[in-house]
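Worksheet: one structure, shown below.
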Amino acid sequence: MTTSFVLGQRHRASMTGEPYESGVVATDFPAAGFPLEFYRIAVFFVVFDVEAVFIYAWAVSLREAGWSGYVVMLFFVGVLLAALVYLWRLGSLDWRATSRRSRQG
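Next up, the structure:
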């Protein structure tokens, strides 16, 4: 990288450092990022997506896993359901309550 930096061409044009999106010139950047609710949705998606992968892998190898694999999967699903109930009672799954709270305070 040092050799490329030393021997490479120098471009001083202002357009060189700008992103290129399908030939459309960027006119303005968004003033704010995504609201916090979208972060929560992304985290829930990742958690339940990983859960689905584990359950699918278990279902594929159910005959080889036997009863011990069945008990382990029951424990895994039980922990996930307990976490879901905890989040539900905490109010993390109530989308409208968070928007009301953010408007009030």
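Under the working numbering, the first residue of the sequence shown carries the number 1264, and numbering increases by one thereafter.
Backbone N, C-alpha and C fix where the C-beta goes; we use that ideal spot for every residue, glycine too.
For clarity, every value in this text was computed on a predicted model and none was experimentally measured.
Sub-8 Å separation of L1343 and E1314 beta-carbons: Yes, the pair counts as a contact, with Cβ atoms nearer than the cut-off.
In chain order, each alpha helix (DSSP H) run of at least 4 residues that lies wholly inside the region 1316-1364: Runs found: 1325-1353.
Under the three-state DSSP convention, the category G1368 falls into: Because G1368 sits at a pLDDT of 48, beneath the cut-off of 50, its placement in the model cannot be relied upon, and the point is left open.
Rounded distance between the beta-carbons of F1307 and F1339, thought under 8 Å: Between the beta-carbon of F1339 and that of F1307 there is about 17 Å, and that puts the pair past the 8 Å contact cut.
Helix, strand or coil at F1301 [DSSP, three-state]: Secondary structure at F1301: helix, using DSSP grouped into helix, strand and coil.
Cα-Cα separation between W1330 and M1264, rounded to whole angstroms: Cα to Cα, the separation comes out at about 56 Å.
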